[in-house]
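Going by full-length UniProt numbering, the residue at position 40 of the sequence shown is 40; the numbering climbs one at a time, nothing skipped.
Note that beta-carbon positions come from the ideal geometry of N, C-alpha and C, so glycine has one too.
What follows is a set of notes on a single structure, which appears directly below.
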Amino acid sequence: MPHPATVVPEIASHLKRLLDFVDPLPGDVCLDVARGRGPLPALLAPHVRSLTAVDAARDGRAFRTGPVRMPGDALTAAPAAPHARADETGHPTVRADATALPYPDGSFSLVTARFALHAPDDPHDVLRELLRVRRPGGRLIMADLVRGNLAATSRDRIERLRDPDHPGIPTIARLTEMVTAAGGAIRRLDVFTVERPAEPWLADAPDPDAADRVREELLDEVDGGPPTGAKPRIIGGELWFTQTWAHVLC
Numbered sequence: 001m002p003h004p005a006t007v008v009p010e011i012a013s014h015l016k017r018l019l020d021f022v023d024p025l026p027g028d029v030c031l032d033v034a035r036g037r038g039p040l041p042a043l044l045a046p047h048v049r050s051l052t053a054v055d056a057a058r059d060g061r062a063f064r065t066g067p068v069r070m071p072g073d074a075l076t077a078a079p080a081a082p083h084a085r086a087d088e089t090g091h092p093t094v095r096a097d098a099t100a101l102p103y104p105d106g107s108f109s110l111v112t113a114r115f116a117l118h119a120p121d122d123p124h125d126v127l128r129e130l131l132r133v134r135r136p137g138g139r140l141i142m143a144d145l146v147r148g149n150l151a152a153t154s155r156d157r158i159e160r161l162r163d164p165d166h167p168g169i170p171t172i173a174r175l176t177e178m179v180t181a182a183g184g185a186i187r188r189l190d191v192f193t194v195e196r197p198a199e200p201w202l203a204d205a206p207d208p209d210a211a212d213r214v215r216e217e218l219l220d221e222v223d224g225g226p227p228t229g230a231k232p233r234i235i236g237g238e239l240w241f242t243q244t245w246a247h248v249l250c
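Here is the structure:
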């Protein structure tokens with residue numbers, strides 16, 4: 001069996017790409033919404049006037065479809081909101097429902113959400129809420145998984161095999177429809193493919209047996225078996241696969 005990868009330095013380039021896409025301004029009042037803690041608030045904090053980070057994970061469980069983890073991921077040490085409390089690392093944390101954020105309409109000039117739509121919540125409600133707290137003329141920037149408009153649904157099957165709670169990966173056209181239905185409009189879109197090691201992703205599966213089945217299917221494809229849509233291959237003795245990510249400006 002391929003050996004697990006523990007450090008993936010390439011993730012830094014993906015985060016740099018997202019930071020460049022966000023293009024934060026010194027006067028921005030920023031809200032970041034994520035499922036669990038992630039690296040984006042710490043990256044944004046030095047570039048904006050203020051930053052509020054919301055952890056929208058339910059029951060202490062972040063939805064298991066996110067990107068490669070970055071060593072030392074933590075929330076920024078930005079001033080805490082009145083209802084925030086420090087977590088075990090000493091960083092301020094705001095726990096809130098992504099479909100009912102505790103902020104008035106138009107509170108933030110910049111709203112960011114990284115892998116926040118792929119969750120058991122209705123993504124339409126999440127989108128409407130993110131747009132609600134965005135100021136008129138402000139920016140909502142989302143980073144999430146997508147698949148090509150002509151991509152086979154087998155990619156969703158693998159995600160659901162790994163985690164039955166996975167709601168599926170929207171096509172680019174479907175993501176556009178979701179934004180429009182929520183009252184927004186896509187102003188800029190960056191779609192790209194990320195190749196990542198499979199073992200950290202499989203380690204987050206709720207059921208180890210399900211992870212084993214996914215691993216077997218990926219390895220079977222490497223050996224010439226049926227396609228999974230994940231384009232697996234062996235790199236340096238390790239199993240890798242691909243995801244398609246999108247950065248969206250609304």
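For the alpha helix (DSSP H) assignment, the uninterrupted runs of no fewer than 4 residues enclosed by the region 186-247 are, from N- to C-terminal side, 198-203, 208-222. Separation of GLY38 and ARG188 (C-alpha to C-alpha, rounded to the nearest whole angstrom) is 23 Å. The DSSP-derived three-state label of ASP20 is helix. Residues of the same chain with a CB within less than 6 Å of the CB of PRO24, apart from the 5 flanking positions on each side, are LEU44, HIS47, VAL48 in chain order.
Boundaries around ASP156 are those of the alpha helix (DSSP H), 154-162, since no beta strand (DSSP E) includes it.
Contact check for GLY36 against ALA53 fails: the beta carbons are separated by 8 Å or more. Leaving aside the five residues that flank ARG132 on each side, the residues in its chain whose CB is nearer than 6 Å to its CB run, in chain order, ASP105. Taken through DSSP and simplified to helix, strand or coil, ASP125 comes out as helix. Under DSSP, LEU25 shares a beta bridge with no residue. Residue burial is scored here from C-beta neighbours: THR228 has at least 16 other C-beta atoms within 10 angstroms and is therefore classed as buried. Residue state for ARG174 is assigned as helix, using DSSP reduced to three classes. Taken atom to atom, the span from the alpha-carbon of ASP223 to that of ASP144 is near 30 Å. As computed with DSSP, CYS30 is found in a beta bridge with LEU51, LEU110. A straight-line Cα-Cα distance of about 14 Å links ASP28 and LEU19. In this structure, VAL248 is the residue among ALA210, VAL248, ASP220, LYS231 with its C-alpha nearest to the C-alpha of ASP190. Beta-carbon to beta-carbon, ASP156 and ILE172 are separated by about 14 Å, too far to satisfy the 8 Å threshold. According to DSSP, residue pairing for ASP97 in a beta bridge does not occur. DSSP places LEU131 within a helical segment (H, G or I) once states are collapsed to three. Per DSSP, reduced to three states, the secondary structure at PRO41 is helical. By DSSP's assignment, ALA56 forms no beta bridge with any residue.
With respect to the C-alpha of PHE192, the residue from ASP204, GLN243, GLY236 having the closest C-alpha is GLN243. Approximately 5 Å separates the beta-carbon atoms of PRO41 and ASP32; this is inside 8 Å, confirming the contact.
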